[in-house]
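Colleague: Reading the sequence shown from the start, the letters are residues 5 to 76 in the numbering used here. Yeah, the Cβ is synthetic: ideal placement off N, Cα and C, and Gly gets one too. As the structure is a computational prediction, the values presented were derived from the model and not from experiment.
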Amino acid sequence: MPRYRYEPEDLADGLCSVCGEPCQEVLRDFGIGPYEYGDAKECHYDWQRCSPCCEAEVIPKPLEDEDEYEEG
Numbered sequence: 005m006p007r008y009r010y011e012p013e014d015l016a017d018g019l020c021s022v023c024g025e026p027c028q029e030v031l032r033d034f035g036i037g038p039y040e041y042g043d044a045k046e047c048h049y050d051w052q053r054c055s056p057c058c059e060a061e062v063i064p065k066p067l068e069d070e071d072e073y074e075e076g
């Protein structure tokens with residue numbers, strides 16, 4: 005059971021920084037999982053936001069209407 009709590013609207017929409025496909029961030033656990041150290045039994049979690057396709061950073065989409073801003 006993950007310990008990380010989030011709201012789905014907190015995950016960003018954008019482009020994958022590796023393949024450039026449009027996507028929405030997902031949470032993935034990159035932790036090592038269950039481990040023992042001496043008599044202690046623990047579970048390591050490492051929740052990170054990443055793209056679902058390449059597990060890379062999601063970057064914001066560029067503005068589509070750059071002509072919208074007129075100079076002077």
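In or out: residue 29 buried (at least 16 other Cβ within 10 Å) or exposed?
Modeller: The count along the sequence shown starts at 1 and reaches residue 29 at position 25. Residue 29 comes out buried.
Colleague: Return the CA-CA distance between residue 54 and residue 17, expressed in angstroms with no decimal places.
Modeller: Counted from its first residue, the sequence shown places residue 54 at position 50. Counted from its first residue, the sequence shown places residue 17 at position 13. C-alpha separation (whole angstroms): 11 angstroms.
Colleague: Enumerate in chain order the residues of its own chain whose CB-to-CB distance from residue 37 is below 8 angstroms, with the five nearest sequence positions on each side excluded.
Modeller: As a working note, residue 37 is residue 33 in the sequence shown. For residue 37, where only same-chain residues beyond five positions count, the Cβ hits under 8 angstroms are 47 and 48.
Colleague: Could you compute how far the alpha carbon of residue 14 sits from the alpha carbon of residue 68?
Modeller: The count along the sequence shown starts at 1 and reaches residue 14 at position 10. The count along the sequence shown starts at 1 and reaches residue 68 at position 64. Spanning the two alpha carbons is a distance of roughly 23 angstroms.
Colleague: Between residue 60 and the rest of its own chain, which residues show a CB-CB distance below 7 angstroms, the 5 nearest in sequence each way excluded?
Modeller: On the sequence shown, residue 60 is found 56 positions in, with the first residue counted as 1. Around residue 60: 20, 21, 22 and 54.
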